[in-house]
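Order-wise, the sequence lines are chains D and U.
Taken in order, the first sequence gives residues 1 to 305; the numbers are from this note's numbering.
Taken in order, the second sequence gives residues 1001 to 1455; the numbers are from this note's numbering.
Cβ coordinates follow ideal geometry from the N, Cα and C atoms, glycine included.
If you're wondering where the values come from, they're calculated on a predicted model, not measured in any experiment.
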Amino acid sequence: MEVFLQQLINGITLGSIYGLIAIGYTMVFGIIGMVNFAHGDVFMVSVFIALVAFLLLSSVLGVTSIVLALFLILIVAMLFTSLVNWTIERLAYRPLRGSFRLAPLISAIGMSIFLSNFVQVTQGPRNKSIPPMVQGEFVLFTQNDYPVTLSLKQLIIWLVTAILLVCFWYLVTKTRLGRAQRACEQDQKMAALVGVDVDRTISMTFVIAAALAAVAGTMYLMYYGVVSFADGFVPGVKAFTAAVLGGIGSLPGAVIGGILIGLIETMWSAYFSIDYKDVAAFSVLAITLIFLPQGLFGRPDVEKV
Amino acid sequence: MTSGAPAKRVDTARALWDAGLTALLAFGLFLPLVGFETVTDVRNDLILVTRWPLLFAIVAIAGLGRLAYSLAIEPWLQQRAIRPSAEPAPWRRYIASWIIPFALGFVILYPAIVIATAGFGRAVKWIDNFGIQVLIYVMLGWGLNIVVGLAGLLDLGYVAFYAVGAYSYALLAKTFGFSFWILLPLAGILASFWGILLGFPVLRLRGDYLAIVTLAFGEIIRIVLINWVDLTNGYAGITGIPRPTFFGIPFNAEEGGFAAVFGLEFSPIYRTIFLYYLILALALLTAFVTVRLRRLPVGRAWEALREDEIACRSLGINTTNTKLTAFAMGAMFAGFAGSFFAARQGFISPDSFTFLESATILSIVVLGGMGSQIGVAIAAIVMIGGTEIMRELDFLKLLFGSTFDPTQYRMLLFGFAMVLIMIWRPRGLIATRDPSVVLKERKAIGKDLVKEGRG
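Here it is as structure tokens:
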């Protein structure tokens, strides 16, 4: 029981990070129908941007307040990652819109290879580790000499994710931009006819996706404190799994899918074998797609002649 | 101007404004990761080092490049667009009809040409790193072309079958001592068996979903190879895999070795040349089988499936069997290539079978133009040969200083080239298609009519 509760806490933390990345996949898929293969690497780039911002703040500018530092890192990472993703969409995906269906996918795979190698070339191939940013934990209760703890950084991840999700939900459901996005998702031509700037809306979708990935990236850096150029692929595939599990195109589905994948992964590591935790996540992906292709909250895909 | 349309005047102020914006964007993009480098200092702490000159060089290049584009290149492109496009010159057709025999002759004579130009000692490197490497990818590209190009099933886990072939050969040859010539077909059969096994559950999926599930299967096989240490020796891989023999005569310096039997002086080049012709034969076999299969009912069913699955079903084609045969055929050739790879390297580890390999092979197929065999071969030469040549560009060291290492930029440029080629030719290098069945005269199918399938 106590092990289960501890794994529940760990799993939800990991799942929040996956959920934030998964929103990026699901939004982009919903609006232009492509799997943005480079999204995992955009996440990795955001971790590096957060790393640079952290080092800049702590060593050069000497910011000591951890709350202020985290807030600034978050803002910097969101800003620069959005810029990166905006440029990627402009250069690599927009020229291919409405073209051959496989072309954007290949372009995205190329972009993913480019991004991870760009970071390898500019920042070096070694793991980058930093001292823990946030320390401290609360012992919730102790049972059979096994303390169930909630660390401060886990609490921060929960809080930040929750706040960001509320902001994001407000953006999508209540604002003009959100309305435009939902309109483009349903019918781009019709949306353009009634005066929605489709290009701008798609660009903004990539910007929002990147901003959420950057939040996930900052949380990842704070939680693990280590990153390398190759760290984009596996979280990317798992977040995509989360998006598929929740039903691709569905925003609440992405978050719930993310938390489920996080839980499955931690529970599997705790009770079965840590070596095969990625196999668990990938098997969930395969099983979901085979037996429940529309996911938990997705709309079934109707095939027309 | 005779064409009547007035040439757009070059707006210098606007060009400058655009260039400024581009430079600003480049500054924003490259500031965090190029402007700062995270390095570990002597105390093992991570510190920041600034690289302002490099950052400003990149920003300046971006700005000036944009300026040159709007002042010179854009007007030139517009000029060109105004001119009516001429009929394709007859010499193009002439070249097209001679390209295949010429290319065949070249690849057959390639070792001789290399030995003649680079000398006996240095030829090994060129035949091995360049010739064999490119041919492996040509073969893999042709194999995947059956699945993606003909049947229209998007497979991102193709490397799994390559791995099955390689590990089958390595394990069976080491444990039971079977020869390469027995294990080559066996590896192909085992791989195609896995193709059917993995193909079954994904039959209902199409498009991107199929791609992602096959990716997941590919990764699962790799993770199993890493973690099943008793069988595969995990990350450390399998060493000392028996090398192929010349129909029973080993390539070594001993009494019964190849050199001794044929009365030659021992040199490692004989094995390299033999391996070159072996992979050439295997690749040509793949191409030949594909060409013949396209004329058989099953091949036509593949192409029909790619064009329209619902129409296929209503015409009574068994889509399950059709898809499974495509998976099995594609996997079989990957298995052949895998066992060749294991025999050539003498060492395999899970590192050789990452997702990047699958992505590379798929991109070769798509960049070449799905379904076009010549296109796939050209794409393999450009992408793999191009990145291999990057290893040889030592003269760049003179240009950028001795610390400059061109091999570092190999994959960076590879990814960049994938994006560029897709933007330049979204349908691949060779977008037209030859019909497999014709009524009276053979006409190329224009790229507007070429479909891609949704499977």
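Count the other CB atoms within 10 Å of the CB of residue i; is the residue buried (16 or more) or exposed (fewer)?
| i | result |
| --- | --- |
| D/SER250 | buried |
| U/GLN941 | The shown model of chain U, from 1001 to 1455, leaves out residue 941 of chain U, and the question about it has no answer. |
| D/LYS277 | buried |
| D/ILE274 | exposed |
| U/TYR1110 | buried |
| D/SER16 | buried |
| U/GLU1265 | exposed |
| U/LEU1231 | exposed |
| D/MET1 | exposed |
| U/LYS1323 | buried |
| U/TRP1142 | buried |
| D/LEU164 | buried |
| U/ALA1062 | buried |
| U/ALA1005 | Note on U/ALA1005: pLDDT 46, under 50, position unreliable in the model; the coordinate value appears next. So U/ALA1005 counts as exposed. |
| D/GLY298 | buried |
| U/THR1012 | exposed |
| U/LEU1362 | buried |
| D/CYS167 | exposed |
| U/GLY1263 | exposed |
| U/SER1192 | buried |
| D/SER65 | exposed |
Check whether the Cβ atoms of residue i and residue j lie closer than 8 Å to each other.
| i | j | result |
| --- | --- | --- |
| U/GLY1415 | D/MET111 | yes |
| D/GLY217 | D/ALA77 | yes |
| U/VAL1134 | U/GLY1346 | no |
| D/ILE259 | D/LEU150 | no |
| D/GLU265 | D/LEU14 | yes |
| U/GLU1357 | U/VAL1034 | no |
| D/PRO147 | D/VAL134 | no |
| D/GLY295 | D/GLY236 | no |
| D/ALA242 | D/ALA254 | yes |
| U/PRO1350 | U/LEU1225 | yes |
| U/LEU1348 | U/TYR1162 | Per the sequence presented here, residue 1348 of chain U reads as Ile, with Leu not at that position. Not in contact: U/ILE1348 and U/TYR1162 (Cβ atoms no closer than 8 Å). |
| U/LEU1048 | D/LEU57 | no |
Taking 7 Å as the limit between beta carbons, can you name the residues of its chain near residue i, skipping five residues before and five after?
| i | result |
| --- | --- |
| U/THR1040 | LEU1046 |
| U/THR1002 | Confidence in U/THR1002 is poor, its pLDDT being 43 and thus under 50, which makes the residue's placement too unreliable to answer from. |
| U/LEU1460 | Outside the shown range of chain U, which is 1001 to 1455, sits residue 1460 of chain U, and nothing can be said about it. |
| U/THR1239 | PHE1347 |
Leaving out five residues on either side along the sequence, give the residues of the same chain with a beta carbon under 6 Å from the beta carbon of residue i.
| i | result |
| --- | --- |
| U/SER1070 | ALA1015 and ASP1018 |
| U/ALA1377 | VAL1138 |
| D/ILE21 | PHE43, ALA213, ALA216 and ALA239 |
| D/TYR220 | ILE17 and VAL47 |
| U/ARG1344 | LEU1275 |
| U/THR1272 | VAL1124, ILE1127 and ASP1128 |
Give the interface partners of residue i over in chain U, defined as CB-CB distance under 7 Å, in chain order.
| i | result |
| --- | --- |
| D/LYS128 | THR1038 and LEU1046 |
| D/TYR276 | ILE1223 and ASN1227 |
| D/ALA99 | The displayed chain sequence assigns Ser, not Ala, to residue 99 of chain D. The contacting residues are PRO1426. |
| D/PHE240 | ILE1212 |
| D/THR87 | LEU1025 and LEU1029 |
Please compile the residues from chain D whose C-beta is within a distance smaller than 7 Å of the C-beta of residue i.
| i | result |
| --- | --- |
| U/ALA1216 | PHE282, LEU285 and ALA286 |
| U/LEU1412 | PHE114, ASN117, PHE118 and VAL121 |
| U/PRO1350 | Residues of chain D passing the Cβ test: none, with the nearest at roughly 13 Å. |
I think residue i touches residue j, with their Cβ atoms under 8 Å apart; what is that distance to the nearest whole Å?
| i | j | result |
| --- | --- | --- |
| U/TRP1194 | U/ALA1331 | 6 Å |
| D/ALA286 | U/VAL1213 | 5 Å |
| D/ALA210 | D/VAL28 | Actually they are not in contact, since the Cβ atoms of D/ALA210 and D/VAL28 sit about 10 Å apart, beyond 8 Å. |
| U/PHE1027 | U/VAL1059 | 5 Å |
Starting from the beta carbon of residue i, find every residue of chain U whose beta carbon is closer than 8 Å, and list them in chain order.
| i | result |
| --- | --- |
| D/GLN123 | LEU1033, GLU1037 and THR1038 |
| D/ILE106 | LEU1362, SER1363, VAL1366, LEU1367, MET1418 and MET1422 |
| D/PHE233 | PHE1355 |
| D/SER59 | ILE1047 and LEU1048 |
Run down chain D in chain order and give the residues with a C-beta less than 9 Å from the C-beta of residue i.
| i | result |
| --- | --- |
| U/ALA1236 | In chain order: nothing, as chain D lies at least about 15 Å away. |
| U/LEU1205 | LEU289, ILE290 and PRO293 |
| U/GLU1388 | Near U/GLU1388 there are no residues of chain D at all, since even the closest Cβ is about 16 Å away, more than 9 Å. |
Could you work out which residues of chain U lie near residue i, taking near to mean beta carbons separated by less than 9 Å?
| i | result |
| --- | --- |
| D/TYR18 | Going along chain U, no residue has its Cβ under 9 Å from D/TYR18, so there is no contact; the nearest lies around 15 Å. |
| D/GLY110 | ALA1359, SER1363, PHE1414, GLY1415, PHE1416, ALA1417, MET1418, VAL1419, LEU1420, ILE1421 and MET1422 |
| D/ILE49 | PRO1032 and LEU1033 |
So which residues on chain D does residue i lean against when the C-beta distance must stay under 8 Å?
| i | result |
| --- | --- |
| U/GLY1028 | PHE80 and LEU83 |
| U/PRO1201 | ALA286 and ILE290 |
Can you give me the Cβ contacts of residue i inside the same chain, cut-off strictly under 8 Å, excluding the 5 residues immediately before and after it?
| i | result |
| --- | --- |
| D/MET34 | VAL28, TYR93, PRO104, LEU105 and ALA108 |
| U/GLY1256 | ILE1249 and PRO1250 |
| U/ILE1320 | The sequence given here has Thr at residue 1320 of chain U, not Ile. Excluding positions up to five away in sequence, the list reads LEU1203. |
| U/ALA1216 | GLY1157 |
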